[in-house]
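S.K.: If you count the sequence shown from 1, position 49 lands on 49 in the working numbering, and the numbers rise without skipping. Backbone N, C-alpha and C fix where the C-beta goes; we use that ideal spot for every residue, glycine too. Here the structure is a predicted model, which means the values were calculated and not measured. One structure, as structure tokens, below. Some questions next.
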Amino acid sequence: MASPKLKTAAEVSKELMDSAISARAQRWYDVFKFPMLKDAVVQRSFLHEWKKSCLNYLRLAALSGFP
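Here you go:
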């Protein structure tokens, strides 16, 4: 009897990230009706830009001494 293949942490993380991308894109689509967010490639690009802007904000907050 073959045991089921266990997923690596990276695979699980990617699945969770993909579902988070889809959920966020779905919310944006529902609110703003951006049909382009239905596309998986656009979803990835959107999340990448979103993460980049969050990191930039955190860097600025750290540099300004914000707790």
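May I ask you to report which of helix, strand or coil DSSP gives Lys7?
M.R.: Taking the sequence shown and counting its residues from 1, one reaches residue 7 at position 7. In the structure shown, Lys7 sits in coil (DSSP, three-state: anything other than H, G, I, E or B).
S.K.: Please classify Gln26 as buried or exposed, where buried requires at least 16 neighbouring CB atoms within 10 angstroms.
M.R.: Counted from its first residue, the sequence shown places residue 26 at position 26. Exposed is the call here.
S.K.: Return the first residue and the last residue of the alpha helix (DSSP H) that Ser53 is part of.
M.R.: In the sequence shown, counting from the first residue as 1, residue 53 sits at position 53. Element bounds for Ser53: Ala40 to Leu63.
S.K.: Looking at Leu47 and Arg24, is the spacing between their C-beta atoms short of 8 Å?
M.R.: As a first step, residue 24 is located in the sequence shown; it is residue number 24 there, counting from the start. As a first step, residue 47 is located in the sequence shown; it is residue number 47 there, counting from the start. Yes, the Cβ-Cβ distance between Arg24 and Leu47 is below 8 Å.
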